Each structure stands twice: as structure tokens, then as C-alpha cells.
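The structure appears below as C-alpha cells.
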Amino acid sequence: MSRRDFGEKPLLVEYALNELGMGLLVQMVPPWTWLIEQSEGVNEARKRFDEREEWNNALHPNARHDLGDFPEAYGSLAFDAGVRSSH
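Residue numbers (the working numbering): 1024 to 1110.
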């Protein structure tokens, strides 16, 4: 990203993608396109995952998942693998 300050008052600044940023943008278009095309399936998979996590939490409300620095959202995956902390 490049930034051009025109040195005016009120402040006037212009941002633009530089060559490096444009290279990243070109690489990001295919995954974005895939995500848009597959959004219905992605949403269904997310719903199934959320329902499974709710089921695991209801079945084992006192189970704690020791995943170190992983986000809490991975809890049901750790439970399925039999990973539990002694807390």
C-alpha cells in the first residue's frame, strides 16, 4: 500500500495499491470467487459444526478442552480426538 500526503489543510491523503499489494490482490481473487460460489455449502457446513458443538457441550457440559492457544471454536474438534485437560 502506498500513501501520498498532499500536505494540505484540511488533511488530504491518497492511498493506492503498490506492485506488491497488487500481487497479493491477484492471488486473493480465486479464493474469494470460490467462497462466493460455494457460500451456500460453507454456510451449511458452519451450521452443522455449530450444531455438533452444541451437542458436545450438552452431552459433556463439564468437559474442558485443553487446546493451548487455539481459539475456543476448536473445542469440539479436540473433544472428538479425545483431548481433555485435567482442570
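For glycine and all other residues, C-beta sits at the position ideal for the given N, C-alpha and C. No experiment lies behind these values; they were computed from the predicted model shown.
Alpha-carbon to alpha-carbon, residue j and residue i
{"i": "Leu1047", "j": "Ala1068", "result": "28 Å"}
{"i": "Val1049", "j": "Leu1058", "result": "15 Å"}
{"i": "Arg1026", "j": "Trp1055", "result": "26 Å"}
{"i": "Asn1079", "j": "Asp1073", "result": "10 Å"}
{"i": "Arg1075", "j": "Asn1066", "result": "14 Å"}
Residue i - partner residues in DSSP beta bridges
{"i": "Ser1025", "result": "Ala1039"}
Under the three-state DSSP convention, the category residue i falls into
{"i": "Asp1089", "result": "Because Asp1089 sits at a pLDDT of 49, beneath the cut-off of 50, its placement in the model cannot be relied upon, and the following sentence gives the value as read from the coordinates. Residue state, collapsed to three classes: coil."}
Proximity to residue i [Cα-Cα], best of the options
{"i": "Glu1042", "options": "Met1024, Arg1071, Ser1062", "result": "Met1024"}
Contained beta strand (DSSP E) runs [length at least 3] in the segment 1028–1056, N- to C-terminal order: Listed in chain order, they are 1036–1039.
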